[in-house]
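Residue numbers (the UniProt record's numbering): 1 to 625.
So this is what it looks like as structure tokens:
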């Protein structure tokens with residue numbers, strides 16, 4: 001056979017990843033072993049699954065395992081598996097190019113957080129490149145299951161921008177990754193170091209991880225291998241046999257996370273349909289939560305009778321729970337299940353419903369029993385959870401109960417007030433949950449629309465997350481109480497208050513008519529406000545209107561929204577209104593009327609049509625004053 005060798009350049013994104021990895025992971029060098037063992041485990045999972053339909057792929061070698069060996073003289077560490085292996089085309093796609101990995105999203109995340117280092121490795125499918133943290137040259141020898149010995153492929157690179165490909169003879173299927181260690185990485189030539197790393201990061205890989213039993217064997221002798229990990233599917237064990245350390249260790253290997261999980265739920269369902277779930281809440285958001293996190297979602301692995309089928313998070317959990325990590329192992333789904341079958345499978349629908357219930361149960365338990373952990377959860381995932389208000393109507397009330405908001409009676413910007421807290425503090429006869437939305441907490445807390453509510457000691461929820469306005473389109477009521485924006489509808493006035501409002505409106509009719517005339521087509525209406533006590537003006541919204549700041553965000557995102565004119569509410573008792581009322585010069589009165597509208601728009605987060613004209617008007621009024 002004539003070997004075919006070629007040299008290729010890495011794609012630009014891969015070259016960037018190699019540079020970042022080799023310069024950013026110096027504090028977590030050992031992560032390379034976790035990632036390469038994880039890749040080997042994936043290869044074994046894929047072979048076991050494909051061999052169900054084609055048993056010949058096992059070719060008499062059905063004992064799947066991962067072997068780690070050291071050659072001190074050659075200064076190499078080798079991680080080998082007898083899994084699915086790769087063809088020449090697959091090697092190029094999986095290692096040399098961006099392919100379907102998360103390489104680009106990895107780069108985006110690193111650009112956002114220069115301190116991300118090892119927390120990112122493995123979350124975007126780029127774990128292989130961590131080998132170059134400790135190695136100045138990496139050799140991959142691989143042969144796809146089902147191919148002949150001549151189908152072997154040798155890949156080699158020093159990580160400097162190029163790699164070589166060569167066709168070679170390989171007697172066995174699978175993949176061997178050989179790390180030629182850098183001069184200052186002697187610690188990884190010690191077998192006990194590698195064993196301790198396996199225990200730390202890969203203890204619960206479901207396949208045996210083997211190392212030579214006696215490092216003192218004669219050179220060239222066939223090693224006697226021993227298993228150095230638990231090699232068991234942790235979720236299949238009784239809960240009474242699993243320690244908290246075991247659960248956390250499994251989570252870290254599953255989620256590529258250095259931090260402990262916040263909480264977990266491990267359950268076995270027996271009956272007509274039997275399955276096991278082990279689901280974790282992370283303590284901090286995975287880096288792919290918002291960057292492509294709603295597409296190609298991973299995090300919950302689907303097994304059938306302990307055989308890995310796929311990363312099937314979108315079939316097992318709804319989008320708003322995409323931060324959950326874990327495994328689901330079903331007994332009675334067809335082993336040859338495809339993604340298309342999964343999407344139309346009633347059994348899986350029941351499993352999905354059970355997973356959602358378990359996660360919400362887990363969050364509710366945190367809220368009830370562990371407030372500090374719950375506060376950590378809400379800070380990390382509160383906004384993601386809000387998506388469930390829109391996406392999961394059947395659980396809307398449960399989700400709403402878990403949400404937390406800032407409030408005019410809360411602790412500053414702290415989002416610690418639940419809807420139940422609010423209802424519990426309602427005055428007798430109050431039947432509305434009042435809220436205000438704005439682009440920032442400061443803008444919400446300083447909204448002039450709150451003045452009458454503060455004067456009447458009515459609590460208002462302060463909502464400043466971008467998702468809030470969208471969420472509130474679906475959250476119209478809670479526990480029989482309607483939710484209402486402070487700028488919409490009528491204020492809760494007693495009979496005396498209503499009479500006073502009517503008298504004020506009657507007395508201000510000439511002023512209102514003049515302001516409306518001066519503003520012309522810029523406003524829908526001008527009226528006396530019951531909301532204002534200190535400010536001169538504010539915007540009022542119709543029931544179907546969205547908040548101005550949210551409308552602006554949608555337009556900036558390219559949404560085509562219908563044009564609408566605002567309703568301006570004014571406070572006739574304010575000095576600016578009295579000044580306008582006594583101004584005989586229509587030009588000066590026009591400046592004052594426009595400023596009343598524009599300051600109300602600014603406070604509501606609406607864009608100014610002509611900022612330069614606003615500045616000029618403001619200067620004229622200041623100079624005249």
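No residue lacks a Cβ here, since even glycine has one placed at the ideal position from N, Cα and C. Predicted model, so just to flag it, every value in this text is computed and none were measured.
_As assigned by DSSP and simplified to three states, the class of residue 265_ = strand
*Drop a sphere of 10 angstroms on the beta-carbon of residue 534, count the other beta-carbons inside from all chains shown, and report buried for 16 or more, exposed for fewer.*
exposed
*Taking buried to mean at least 16 other C-beta atoms within 10 Å of its own C-beta, is residue 202 buried or exposed?*
buried
*Rounded to a whole number of angstroms, what is the C-alpha to C-alpha distance between residue 238 and residue 264?*
15 angstroms
*Three-state secondary structure (DSSP) at residue 134?*
coil
*Identify which residue in 133, 459, 537 and 551 has its Cα closest to the Cα of residue 596.*
537
_Nearest-angstrom beta carbon gap, residue 532 and residue 566 [assumed within contact, 8 angstroms]_ = In fact, because the Cβ distance is near 15 angstroms, the residues do not count as touching under 8 angstroms.
*Going by CA-CA distance only, name the one from 611, 419 and 605 that's closest to residue 594.*
611
*Cutoff 6 angstroms; reference residue 85; Cβ partners in own chain excluding five residues on either side*: 142, 143, 144, 145, 173, 174 and 175
*Would the beta-carbon of residue 326 fall within 7 angstroms of that of residue 279?*
yes
*asked:* For the structure I just gave you, are there three or more beta carbon pairs, one from the segment 183-202 and one from the segment 32-42, closer than 8 angstroms?
replied: yes
*Report buried or exposed for residue 69, applying the criterion of at least 16 other Cβ atoms within 10 angstroms of its Cβ.*
buried
*By the 10 Å Cβ neighbour count, where 16 or more other Cβ atoms means buried, how is residue 544 classified, buried or exposed?*
exposed
*For residue 228, which of 153, 499 and 205 has the nearest alpha-carbon?*
205
_Could you give the first and the last residue of the continuous beta strand (DSSP E) run that contains residue 483?_
481-485
_Could you compute how far the alpha carbon of residue 374 sits from the alpha carbon of residue 323?_
15 angstroms
*Have a look at 127, 83 and 163 and flag the residue whose alpha-carbon is nearest the alpha-carbon of residue 7.*
163
*If we count the other Cβ atoms within 10 Å of its Cβ and call it buried at 16 or more, is residue 192 buried or exposed?*
exposed
*Within 7 angstroms, strictly: CB atoms of residue 408 and residue 370*: no
*How far does the alpha helix (DSSP H) with residue 247 in it reach, from first residue to last?*
244-255
*Kindly indicate which three-state DSSP category residue 436 falls into: helix, strand or coil?*
strand
*From the DSSP output, which residues share a beta bridge with residue 69?*
78
*asked:* Closer than 8 angstroms is the cut-off here; do at least three beta carbon pairs connect the segment 418-437 with the segment 506-518?
replied: no
*Do residue 366 and residue 398 have their CB atoms nearer than 7 angstroms?*
no
*Just checking my contact of residue 58 with residue 81 at CB under 8 angstroms: how many whole Å lie between their CB atoms?*
Wrong, their Cβ atoms sit about 14 angstroms apart, outside the cutoff.
*With DSSP collapsed to three states, give me the class of residue 205.*
coil
_Integer-rounded CB distance, given that residue 483 should sit under 8 angstroms from residue 472_ = 7 angstroms
*Classify residue 616 as buried or exposed, calling it buried when 16 or more other Cβ atoms lie within 10 Å of its own Cβ.*
exposed
*asked:* According to DSSP, residue 623 sits in a beta bridge with which residue or residues?
replied: DSSP, once it has assigned bridges, lists no residue as partnering residue 623.
*Given residue 253 as reference, the closest of 479, 37, 442 and 305 once Cα atoms are compared*: 37
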